[in-house]
Amino acid sequence: MSDIKLYADLYDNALTEKEGDCTARPRINGTLYNADIARRIVEKRTEYRPETIENILTMADEEKSIGLASGMSVVDGVGQYLPQIKGVFDKPTDPFDPAKHTLFVAYTAGKTLRKKLKETVVVTNGQATVGPVIGGLTDSSTGKDDGTFTPGMPIVVGGNNIKITGASEANGFYFIPAADGSTPVKATVIVHNNPSQLTVMVPATLPEGDYYISVTTQYSRSAIVKEPRSYKYPVLLSTAGSGGGGEDDRPVIE
């Protein structure tokens, strides 16, 4: 039996009328950066220093990114990446317009990843406690849903049970800096506050960089719960135009 385990919680399947059927959502228990990967490699089987490996991984990221941006397909053990363009050109002579067109990367799982997924033991933990769940966000100022947002402008956040309600001061929407030990920034203006959608004004003073978002609320479909429940969206986001505070290490994939 494989020693790789993935834990998942089961949620009510809102897309069918069948009573009792569920869908599974993996528990995201962390994020791996190049530095973390380097340390893992050192712990397993190499005499190289972690700093050396991290530097090689970073250089590989740079070369892969240049290749993709230059129109090349990139293949590694994790997957195959292919540059594509989204948007409509009104005439054959129209140039690429960043306001209407988007350059993005399509992704297909690679051989090594497919093998590991087949070996993975999935452990389901039964019916999940139905609290708030964030499904994604769109930057209203740009219309993009690529994981970027603009300080001082609204974002539209989709999800389930995310309406912010209850008397606890902890309730609210937060921007959590990716750097360890940083203080979360609470949004002060919620324009629309619905169970499946929030419109949140990003604080204008929010520094450029990488962030996670989270919501804390006492909302439930039946009644306000006694204790606040929180959900942290596991996808790393960044302020628009910041490149993740320097270099954005998150490919935009679809």
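Following the working numbering, the numbering of the sequence shown begins with 818 at its first residue and continues without gaps. The beta carbon of each residue, even a glycine, is placed where N, CA and C say it ideally should be.
Note to self: Give me, in chain order, the residues of the same chain whose beta-carbon lies closer than 8 Å to that of residue 846; leave out the 5 immediate sequence neighbours on both sides.
What the structure shows: 824
Note to self: Given a cut-off of 8 Å on the beta-carbon distance, is the pair residue 922 and residue 954 in contact?
What the structure shows: The answer is no: Cβ separation not under 8 Å.
Next item on the list: Kindly indicate the opening and closing residues of the alpha helix (DSSP H) around residue 882.
Entry: 867 to 886
Check: Grouping DSSP H, G and I as helix and E and B as strand, with all else coil, what is residue 1071?
Finding: With a pLDDT of only 45 at residue 1071, under the threshold of 50, the placement of this residue in the model should not be trusted; the figure read from the coordinates follows. Reduced to three states, the DSSP call for residue 1071 is coil.
Notebook entry, point to check: Are the Cβ atoms of residue 896 and residue 926 separated by less than 8 Å?
Noted result: yes
Item checked: Length of the line joining the Cα atoms of residue 768 and residue 834 -> Since the displayed the chain opens at 818 and closes at 1071, residue 768 lies outside it and no answer follows.
Checklist line | Element boundaries [beta strand (DSSP E), containing residue 1046] | finding: 1046 to 1049
Note to self: Using DSSP's beta-bridge definition, name the partner residues of residue 898.
What the structure shows: 891 and 924
Next item on the list: Figure out for me which residue from 874, 1055, 872 and 987 has the closest Cα to the Cα of residue 1044.
Entry: 987
Check: CA-CA distance, residue 859 and residue 890?
Finding: 30 Å
Note to self: Strictly by DSSP, which residues pair up with residue 828?
What the structure shows: According to DSSP, residue 828 bridges with 840.
Notebook entry, point to check: Roughly how many angstroms lie between the CA atoms of residue 837 and residue 829, to the nearest whole one?
Noted result: 7 Å
Note to self: Just checking: is the beta-carbon of residue 994 within a distance shorter than 8 Å of some beta-carbon in chain B?
What the structure shows: The displayed structure is made up of one protein chain only, and chain B is not part of it.
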